[in-house]
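Student: Residue numbers (our numbering), protein chains in the order written: chain X, 2 to 354; chain A, 2 to 354. Note that the Cβ used here is the ideal one computed from N, Cα and C, for glycine as well. What you are looking at is a predicted structure, and each value in this text was computed from that prediction instead of being measured.
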């Protein structure tokens, strides 16, 4: 499905807003000239910046929003008091059918709370999950939840598994993605109650997914499964730990090589290959976490995103729209619902005869 | 304090037991010739292996134990039925004052449950925590809990902070270790109830530690704090994720360099420097997690440990004994108890006059 509607951008969200948002949109426009944008934010500030690029100005609309949600605002406060904020206005645009997706680099908690309130969840989904894609040994791995739900019931985890499956199929084109549940060991007895219960449910065969079983921390980047499901507390920490570890090892090796003159010479020649190999791990290429499970497409960019990084978040939104991910999640959940009903029917006892 | 008693070794625990245990002990003996060992396990199997090294045989005793705790045994079952196991016998030796520490590469859950039952916890400690040391940008970082307590109250987390502080001071010689509490963000409002409550308690000034505040996943290997406190579920996954990420980046870079001929030549010359730099990240050098908070020293080796790796776990036990870590934790907890009482006194109302 081509983009028939513009993308709503919270022009004021993020540490480098509005510059990074506007330059990010400009980058996307070069690659996808058919894209249209609506920028929400302080018109006197953003309009002149957009006007600097004629092509961007032609593809864009600016809608004034008086306030900005602060990065340290409590989600409940942002929801109550942020009605005239750029974030709220951009989300409203999706609900009102004026935009096909919303992208924001603002306060994550506020974005999730507001988007959930305005857009509601997909039928069959209780809680949306922040979904990220990380590089692994062979191919990218889908990780959810990355921080929306710090505590999760078994049901939430199962819903995340179904959403992750639909996402991997729709956006990443995988035929039968393997789904893993993150735990402290692979044996059935391991883990806390919620994770053990979710394991039993996923193993029951009631869900049309390829459930692999428990996976451990080291399996994430090993790519043991295509999707890794966990609660938002653990997922957030695992993701950031992996980022920190990657950076440390990379920098340690680089400085060890640079201290050796001959290795340095060799490194100069190997640099293209090394850069190519490391490109997969560039966090900017991974920017753009989806608030999956909402009845509307919302993408969260990292707060510190630069233009290149922000552009990637917009591209994630485009890919969500073009691949009709939400439609596919609805279809998959409906199928599970039907299958469940089908198995329930024979054991129902008529109450009246 | 020099080692006045032998170290009890569960000779049958671990995937490569008893060979890795015996060869590990032999390596330690070369470095610390004054060390003595008691090997617990199937005497007909282990005695001949020990006899191969005259020096090890002279430094060792073998005590027969009929059974072995299986790696997938439930902790409760191991505790109930494992009374004649090598693991239980080795732990008993510490309780009976025959050994100064016990090392096992066996079933973690069984080791924790049995050690807790036999040795009990230190006064003031409710739950022991699995404590590991990981490399960071500048110096090693103490991490706890790595998997003993999958769900933690705020009180447990606070006790872990105090134990981590004592450990960093005693074993790592830090004067005023900075303590961080792992969370999904650094703002006070972030996190689930337990972590927020622990944060308030640690900030109260009632604990004589340098509390830094919340840290995030990327702070662990960045070395933002000297000690990182978290629950066992998150800690286990963070540790294994960091291991996986380090391995992936290292191998990706290495193969990119090896594909380039010139870089390969340079690499040959840089190899000593690279090896030196990477040595810090060798997981074998990090083997040996302490069951901190027990009234006795128990060290868990990785189940798949080889001799070199196992030797490191024994050295961790030696360092625990020599640095009198438990004595220091007791002293620190007693001091906190006194301080607490001191602040309580003025507001107590005499019941009888």
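Grouping DSSP H, G and I as helix and E and B as strand, with all else coil, what is residue 157 (chain X)?
Tutor: In the first chain, residue 157 (chain X) corresponds to position 156, counting from 1. DSSP places residue 157 (chain X) in helix when its eight states are reduced to three.
Student: Between residue 261 (chain A) and chain X, is there a C-beta pair that is closer than 7 Å?
Tutor: Numbered from its first residue, the second chain carries residue 261 (chain A) at position 260. With 7 Å as the cut-off, residue 261 (chain A) counts as an interface residue toward chain X.
Student: Measuring straight from C-alpha to C-alpha, what distance separates residue 241 (chain A) and residue 28 (chain X)?
Tutor: The count along the second chain starts at 1 and reaches residue 241 (chain A) at position 240. The count along the first chain starts at 1 and reaches residue 28 (chain X) at position 27. The straight-line gap from Cα to Cα measures roughly 37 Å.
Student: Quick check: what's the CA-CA separation for residue 236 (chain X) versus residue 88 (chain A)?
Tutor: Within the first chain, residue 236 (chain X) is the residue found at index 235, counting from 1. Within the second chain, residue 88 (chain A) is the residue found at index 87, counting from 1. In this structure, the alpha-carbon of residue 236 (chain X) lies about 34 Å from that of residue 88 (chain A).
Student: For residue 207 (chain A), go through chain X and note every residue whose CB falls closer than 8 Å to its CB, in chain order.
Tutor: Position 206 of the second chain, counting from 1, holds the residue named residue 207 (chain A). Result: empty, since nearest Cβ-Cβ is about 26 Å, beyond 8 Å.
Student: Which residues in chain X sit within 8 Å of residue 185 (chain A), going by Cβ to Cβ distance?
Tutor: Here the question's residue 185 (chain A) lines up with position 184 in the second chain. The answer, in chain order, is 148, 151, 233, 234, 237, 238.
Student: Inspect the beta-carbon positions of residue 130 (chain A) and residue 30 (chain A) and report whether they are closer than 7 Å.
Tutor: Residue 130 (chain A) sits at position 129 when you count from the first residue of the second chain. Residue 30 (chain A) sits at position 29 when you count from the first residue of the second chain. No, they are not a contact pair.
Student: Can you have a look at residue 24 (chain X) and say buried or exposed, based on whether 16 or more other CB atoms are within 10 angstroms of its CB?
Tutor: As a working mapping, residue 24 (chain X) is identified with position 23 in the first chain. Residue burial annotation: residue 24 (chain X) is buried, with at least 16 other C-beta atoms found within 10 angstroms of its C-beta.
Student: Taking the alpha carbon of residue 256 (chain A) as the point to measure from, which residue in X:311, X:277, X:261 has its own alpha carbon closest?
Tutor: Taking the first residue of the second chain as position 1, residue 256 (chain A) is located at position 255. Cα-wise, what sits closest to residue 256 (chain A) is X:277.
Student: Looking at the secondary structure, which residues open and close the beta strand (DSSP E) in which residue 11 (chain A) lies?
Tutor: If you number the second chain from 1, residue 11 (chain A) lands on position 10. Start and end: 8 to 11.
Student: Measure the CB-CB distance between residue 1 (chain A) and residue 178 (chain A) and report whether it falls below 7 Å.
Tutor: Residue numbering for chain A in the displayed model covers 2 to 354; residue 1 (chain A) lies beyond these limits and cannot be assessed.
Student: For residue 16 (chain X) and residue 108 (chain X), what's the separation of their Cα atoms in angstroms?
Tutor: Looking up residue 16 (chain X) in the first chain gives position 15. Looking up residue 108 (chain X) in the first chain gives position 107. So the alpha carbons of these two residues sit roughly 10 Å apart.
Student: Once DSSP output is grouped into helix, strand and coil, what is the label at residue 17 (chain X)?
Tutor: For the purposes of this step, residue 17 (chain X) is taken as the residue at position 16 of the first chain. Reduced to three states, the DSSP call for residue 17 (chain X) is coil.
Student: Should residue 321 (chain A) go down as buried or exposed, given a rule of 16 or more other Cβ atoms within 10 Å for buried?
Tutor: On the second chain, residue 321 (chain A) is found 320 positions in, with the first residue counted as 1. With 16 or more other Cβ atoms within 10 Å, it is buried.
Student: Can you tell me which of A:32, A:62, A:103, A:249 puts its alpha carbon nearest to the alpha carbon of residue 297 (chain A)?
Tutor: Taking the second chain and counting its residues from 1, one reaches residue 297 (chain A) at position 296. The shortest C-alpha separation from residue 297 (chain A) is found at A:103.
Student: Once the 5 residues before and after residue 224 (chain X) are set aside, which same chain residues still bring their CB inside 8 Å of it?
Tutor: Locating residue 224 (chain X) in the first chain gives position 223, where the first residue counts as 1. These residues qualify, in order along the chain: 137, 138, 139, 140, 142.
Student: Quick one: Cα of residue 99 (chain A) to Cα of residue 269 (chain A), how far?
Tutor: Stepping through the second chain from its first residue, residue 99 (chain A) is reached at position 98. Stepping through the second chain from its first residue, residue 269 (chain A) is reached at position 268. Their Cα atoms are separated by approximately 50 Å.
Student: Does the beta carbon of residue 268 (chain A) sit closer than 7 Å to a beta carbon anywhere in chain X?
Tutor: What you label residue 268 (chain A) is simply residue 267 of the second chain in a count that begins at 1. Interface residue, yes.
Student: Given residue 350 (chain A), which residues of its chain have a CB within under 8 Å of its CB, disregarding the five upstream and five downstream residues?
Tutor: Here residue 350 (chain A) refers to the residue found at position 349 of the second chain. Any answer about residue 350 (chain A) is weak, because its pLDDT of 30 lies below 50 and its placement is not dependable; what the coordinates show is given next. Excluding sequence neighbours, residue 350 (chain A) sits near nothing in its chain.
Student: If you check the beta carbons only, do residue 14 (chain A) and residue 105 (chain A) fall under 7 Å apart?
Tutor: Numbered from 1 along the second chain, position 13 holds the residue referred to as residue 14 (chain A). Numbered from 1 along the second chain, position 104 holds the residue referred to as residue 105 (chain A). In contact: residue 14 (chain A) and residue 105 (chain A) (Cβ atoms closer than 7 Å).
Student: Taking 7 Å as the threshold (beta carbon to beta carbon), is residue 193 (chain X) in contact with chain A?
Tutor: The count along the first chain starts at 1 and reaches residue 193 (chain X) at position 192. Yes, its Cβ sits closer than 7 Å to a Cβ of chain A.
Student: How would you write the range of the alpha helix (DSSP H) that residue 132 (chain A) sits in, first residue to last?
Tutor: What you label residue 132 (chain A) is simply residue 131 of the second chain in a count that begins at 1. It is not in any alpha helix (DSSP H) - residue 132 (chain A) instead sits in the beta strand (DSSP E) that spans 130 to 135.
Student: Are the C-beta atoms of residue 219 (chain X) and some chain A residue less than 7 Å apart?
Tutor: On the first chain, residue 219 (chain X) is found 218 positions in, with the first residue counted as 1. Yes - at least one Cβ of chain A is within 7 Å of the one on residue 219 (chain X).
Student: Output, in chain order, the set of chain A residues within a Cβ distance shorter than 7 Å of residue 190 (chain X).
Tutor: Taking the first chain and counting its residues from 1, one reaches residue 190 (chain X) at position 189. Here the neighbours are 75.
Student: As a quick exercise: from A:334, A:83, A:295, A:194, pick the residue whose alpha carbon is nearest that of residue 96 (chain A).
Tutor: The sequence position of residue 96 (chain A) within the second chain is 95, counting from 1. When only C-alpha atoms are compared, the closest one is A:295.
Student: Hey, out of X:101, X:110, X:53, whose CA is closest to residue 324 (chain X)'s CA?
Tutor: Here the question's residue 324 (chain X) lines up with position 323 in the first chain. Closest option to residue 324 (chain X), Cα to Cα, is X:101.
Student: Listing by chain order, which chain X residues have their CB less than 9 Å from the CB of residue 198 (chain A)?
Tutor: Position 197 of the second chain, counted from the first residue, corresponds to residue 198 (chain A). Correct list: empty, because the minimum Cβ distance to chain X is about 14 Å.
Student: Between the Cα of residue 60 (chain X) and the Cα atoms of X:72, X:40, X:68, which residue gives the shortest distance?
Tutor: Here residue 60 (chain X) corresponds to residue number 59 of the first chain, with the count starting at 1. Here the closest residue by C-alpha is X:40.
Student: If contacts are defined as beta-carbon pairs under 8 Å, then residue 133 (chain A) and residue 158 (chain A) qualify, I think. What distance do you get, rounded to the angstrom?
Tutor: For this step, residue 133 (chain A) is matched to residue 132 along the second chain. For this step, residue 158 (chain A) is matched to residue 157 along the second chain. Wrong, their Cβ atoms sit about 16 Å apart, outside the cutoff.
Student: Can you confirm whether residue 106 (chain A), when its beta carbon is compared against all beta carbons of chain X, has any partner nearer than 7 Å?
Tutor: What you label residue 106 (chain A) is simply residue 105 of the second chain in a count that begins at 1. Not one chain X Cβ lies under 7 Å of residue 106 (chain A).
Student: With burial defined as no fewer than 16 other Cβ atoms inside 10 Å of the residue's Cβ, what is the status of residue 207 (chain X): buried or exposed?
Tutor: On the first chain, residue 207 (chain X) is found 206 positions in, with the first residue counted as 1. Per the 10 Å Cβ criterion, exposed.
Student: Can you name, in chain order, every residue of its own chain whose Cβ lies under 8 Å from the Cβ of residue 213 (chain A), other than the five neighbours on each side?
Tutor: To locate residue 213 (chain A), count along the second chain from 1; it is residue 212. So the list reads 179, 180, 181, 225, 226, once near-sequence residues are dropped.
Student: How would you list, in chain order, the residues of chain X whose beta-carbon sits under 7 Å from the beta-carbon of residue 258 (chain A)?
Tutor: Looking up residue 258 (chain A) in the second chain gives position 257. What residue 258 (chain A) touches in chain X: 271, 275.
Student: For a test of the three-state rule: what should DSSP assign to residue 188 (chain A), helix, strand or coil?
Tutor: Along the second chain, one-based indexing puts residue 188 (chain A) at 187. Here residue 188 (chain A) sits in coil by DSSP.
Student: Does DSSP put residue 214 (chain A) in a helix, a strand or coil?
Tutor: Sequence index remark: in the second chain, residue 214 (chain A) carries index 213 (1-based). Strand.
Student: Residue 113 (chain X): buried (16+ other C-beta within 10 angstroms of its C-beta) or exposed?
Tutor: Position 112 of the first chain, counting from 1, holds the residue named residue 113 (chain X). By the 10 Å Cβ count, residue 113 (chain X) comes out buried.
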